[in-house]
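Worksheet: one structure, shown below.
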Amino acid sequence: MTSSNFIQTCENIHSYTEPKYAELFRLIGRQPDGVHSLVHLRADILKFLPEIESPAYVERMSESLRDLLATWFTTGLLQVERVTWQSPCEIVQRVSEYEAVHRIRNWADLKRRLGPYRRCFAYTHHMMPNDPLVILHVGLVDNISNSIQT
1 MTSSNFIQTC ENIHSYTEPK YAELFRLIGR QPDGVHSLVH LRADILKFLP
51 EIESPAYVER MSESLRDLLA TWFTTGLLQV ERVTWQSPCE IVQRVSEYEA
101 VHRIRNWADL KRRLGPYRRC FAYTHHMMPN DPLVILHVGL VDNISNSIQT
């Protein structure tokens, strides 16, 4: 068997064994807002998976979608941008909505967290620019603090 025949055989095996939904996921991901839709689809699958009586097929679908999203959300494809009070309102609103540890009480609290001696960074994907994947808050101090409260 020549190397070109071997490569063709491998490609044939891959095309016959890959589930049809894998190609569908890739096609959806190429559409406007498609990646965003797939992220929410995976969240829905994970949410309803415990309620499914025979979950094996859905688990395989979820794993396939997870693997595809992992290739799209590798570190090299993420952008880091500083979030300030002057950032687009969609990003500033997401900072407020996504805060799970120290709830943001009001607009004044949010403005303080984006103000002087503080930095806020958002990791975004070019296919979801206004929907940060990670938000990082940093407080600037003169020396190392003993507590996060200081």
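Using full-length UniProt numbering, you'd call the opening residue of the sequence shown number 1 and step up by one each time. Just so it is clear, CB atoms sit at the ideal spot from N, CA and C, and this is done for glycine as well. These figures come from a predicted structure and were not determined experimentally.
In the three-state DSSP reduction, V80 falls in the strand class (E or B).
In this structure, the alpha-carbon of H40 lies about 22 Å from that of C89.
Residue environment: M127 is assigned as buried (16 or more neighbouring CB atoms within 10 Å of its CB, all protein chains considered). The Cβ neighbour count for A108, taken over all protein chains shown within 10 Å, is under 16; the residue is labelled exposed. The C-alpha of T9 is placed about 35 Å away from the C-alpha of D33. Beta-carbon to beta-carbon, R42 and R66 are separated by about 7 Å, close enough to satisfy the 8 Å threshold. As far as DSSP is concerned, M1 takes part in no beta bridge. For N143, the closest C-alpha among the options T124, R105, L78 and Y117 is that of Y117. In this structure, E97 sits away from T124, with a CB-CB distance that is not shorter than 8 Å. Rounded to whole angstroms, the gap between the alpha carbons of H36 and I91 is 15 Å. Within the same chain, and ignoring the five residues on either side of L77 in sequence, the residues whose Cβ sits closer than 8 Å to its Cβ are H125 and H126. Beta-bridge annotation (DSSP): V138 is paired with R119.
By the neighbour-count criterion, in which a residue is buried when 16 or more other Cβ atoms sit within 10 angstroms of its Cβ, R112 is exposed. In the displayed model, H36 falls within a helix according to three-state DSSP.
Annotation: the continuous alpha helix (DSSP H) that includes I28 extends over K20 to G29.
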